[in-house]
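Residue 481, in my numbering, is where the sequence shown stops; the numbers in between run on with no holes.
Built from N, CA and C at the ideal position, the CB exists for glycine as well.
As structure tokens, the structure follows; a few thoughts come after it.
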Amino acid sequence: MKEEIPQLFGTSGIRGELGDKITLELALKVGLAVGTFTGRGKKIVVGHDPRTSSPMMALAVTAGILQCGCDVLDLGMVPTPVVGYAAQQLGAHAGVMITASHNPSQFNGIKLWNPDGMAYRQEQERAIERIIHQESFERVSWDSLGRVEDIKSFIPTYVEDVLASVNVKPGLKVVVDCANGAASHISPLVLRRTGCQLVTLNSQPDGFFPGRNPEPSEANLGELMQVVKATGADLGIAHDGDADRMVAVDDEGRMADFDKLLALVSAQIGGTVVTTVDASAAIDRCLNNGNGKVERTKVGDVHVAEKVSEIEASFGGEPSGTWIHPHFCMCPDGILSGLRVIELVQKKGPLSKILDALPTYPTLRVKLDCEDENKASVMEKMEKDLPHLFTDVKDLNPIDGVRLTLEDDSWVLVRPSGTESYIRITLEGKSQERADNILKESKNLLRKTIESFKE
Ligand code: MG
27 MKEEIPQLFG TSGIRGELGD KITLELALKV GLAVGTFTGR GKKIVVGHDP
77 RTSSPMMALA VTAGILQCGC DVLDLGMVPT PVVGYAAQQL GAHAGVMITA
127 SHNPSQFNGI KLWNPDGMAY RQEQERAIER IIHQESFERV SWDSLGRVED
177 IKSFIPTYVE DVLASVNVKP GLKVVVDCAN GAASHISPLV LRRTGCQLVT
227 LNSQPDGFFP GRNPEPSEAN LGELMQVVKA TGADLGIAHD GDADRMVAVD
277 DEGRMADFDK LLALVSAQIG GTVVTTVDAS AAIDRCLNNG NGKVERTKVG
327 DVHVAEKVSE IEASFGGEPS GTWIHPHFCM CPDGILSGLR VIELVQKKGP
377 LSKILDALPT YPTLRVKLDC EDENKASVME KMEKDLPHLF TDVKDLNPID
427 GVRLTLEDDS WVLVRPSGTE SYIRITLEGK SQERADNILK ESKNLLRKTI
477 ESFKE
């Protein structure tokens, strides 16, 4: 019988509360596993966020790597995208970032990166889990242990290169809120170097996150929205705890709609753009004017990155604010994303105006309970039956659940939750009435289908 290997990695690396799932012992094992997986003699970049537990976790990972005969390139406290970029530029064989991204202070996590800055794929994560479970670590003897090289001097290279990758001119007034997270030094430095007039909020690294919760949601960005308005700034930029993400606040002090912002930046870059099945059709409307096309993929930033790489797309992004800029690196980069928004405002005018100029389609979301063991059968039936509800189906995408695009640009997605016992319906209708109707019909069908599989 095949042995069951416990799953450590979730949708974004290994994540949990310190002392619960996340322990020093686990960090050591991950270090040993990554060293074993990459093979002796290789170089591995290690960085961490400012959480109180992060230096300790980074040291444990480092110890494991060294014992497998790999060298550690030590970046210290840096945002996640700097780890990805350093791995790419320095010819390292992997990157390790110690962070729990947007989770509160007591959490931590470990995320692994490929030499091109792309997050570890699922099969690589399974391989690490297998090595840890079997404890098949390939330790080396005392005379072959790895060494630690301090590469903090790489940080100015990242700053220069990220600035050189965009075309930003001086002149705007920008407020940046780093959440006291990993970007607290670098994002303000990069923004000042563009010549913009900068106001900083929560830009002293502090693992207690005293300024605000590191999740850059509207509820946590009240101060940023107020300061943008009060100082008459052109825009506000907020990062999550490790700055692979960025969200923006417009010149009226409002949160910029994630989907619309992604759509506007996509249109500015042009070419083939990758986004997820649950992203709004705003991106299609902005790109279908002739300057590009949209490819949709499964939900999750690693899926976006994989697709970007596979089809050599020009840009990729999730509505959560995780954007991939392949001309620079395959690691999501919230600092570069902020520069892209500044570029957009400089070219197209005030953020509030360009966002308001895009039509807003009513969006509806519901979730229905469904036993995990029935999800696959329910989804198989939904894929067959859902298109029959509508007379104007333009496109069916079954890559992650089932997504129908209708003739008037309305769309509906039925997708099982990856972590909970739900199936969700997400849709956009051209009008409120249209949205209500699509929801009513789809929800009835889904409810009946779920019932039919109940015993
Ligand atoms: Mg993050």
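| Check | Outcome |
| --- | --- |
| For residue 419, the residue or residues it bridges with in DSSP | 432 |
| Cα-Cα separation, residue 298 to residue 335 | 11 Å |
| Beta-carbon proximity check, residue 432 vs residue 464, cutoff 9 Å | yes |
| Check: residue 267 C-beta below 8 Å from any heavy atom of the ligand MG | yes |
| One or two residues paired with residue 448 in a DSSP bridge | 395 |
| Cα-Cα separation, residue 425 to residue 279 | 37 Å |
| Sequence ranges, beta strand (DSSP E) only - wholly within the region 166 to 232, length at least 3 | 174 to 176, 199 to 203 and 223 to 227 |
| Start-to-end residues for the beta strand (DSSP E) that takes in residue 238 | It is not in any beta strand (DSSP E) - residue 238 carries neither H nor E in the DSSP assignment. |
| Chain B contact for residue 477 (CB, 9 Å cutoff) | Although the question refers to chain B, the structure presented lacks it and comprises just one protein chain. |
| Residue 357 in three-state terms, based on DSSP | coil |
| Residues bridged to residue 441 (per DSSP) | 450 |
| Alpha-carbon spacing of residue 229 relative to residue 269, whole angstroms | 12 Å |
| Bridge partner(s) assigned by DSSP for residue 44 | 48 |
| Span separating the alpha-carbon of residue 483 from that of residue 459 | As displayed, the chain neither begins before 27 nor continues past 481, which places residue 483 out of reach and without an answer. |
| Other residues of its chain near residue 322: CB distance less than 8 Å, five sequence neighbours each side excluded | 300, 301, 302, 303, 305, 423, 425 and 429 |
| Residue 137 classed as buried or exposed, judged by whether at least 16 other C-beta atoms fall within 10 angstroms | buried |
| Assigned secondary structure, residue 116 (DSSP; H/G/I helix, E/B strand, else coil) | coil |
| Nearest-angstrom Cα separation, counted from residue 340 out to residue 416 | 34 Å |
| Integer Cβ distance of residue 100 from residue 177, believed to fall under 8 Å | 6 Å |
| As assigned by DSSP and simplified to three states, the class of residue 134 | strand |
| Cβ pair residue 265, residue 355 closer than 9 Å | no |
| Minimum length 3: unbroken beta strand (DSSP E) runs contained in the region 251 to 332 | 261 to 265, 272 to 275, 297 to 302 and 318 to 323 |
| Contact the region 232 to 246 vs the region 173 to 189: 3+ CB pairs below 8 Å | no |
| heavy atom of the ligand MG below 8 Å from residue 125 C-beta | yes |
| Through-space distance from residue 271 to residue 362, alpha-carbon basis | 10 Å |
| Residue 145, DSSP secondary structure in three states | strand |
| Exposed unless 16 or more other CB atoms sit within 10 angstroms - verdict on residue 139 | buried |
| Cβ-heavy atom distance, residue 271 to the ligand MG, below 8 Å | yes |
| Helix, strand or coil at residue 386 [DSSP, three-state] | coil |
| Check: residue 329 C-beta below 8 Å from any heavy atom of the ligand MG | no |
| Any non-hydrogen atom of the ligand MG within 8 Å of residue 351 CB | no |
| Residue 106, DSSP secondary structure in three states | helix |
| Limits of the beta strand (DSSP E) - the one that residue 69 falls within | 69 to 74 |
| Nearest-angstrom Cα separation, counted from residue 292 out to residue 342 | 8 Å |
| Reduced DSSP secondary structure (H/G/I, E/B, other) of residue 97 | strand |
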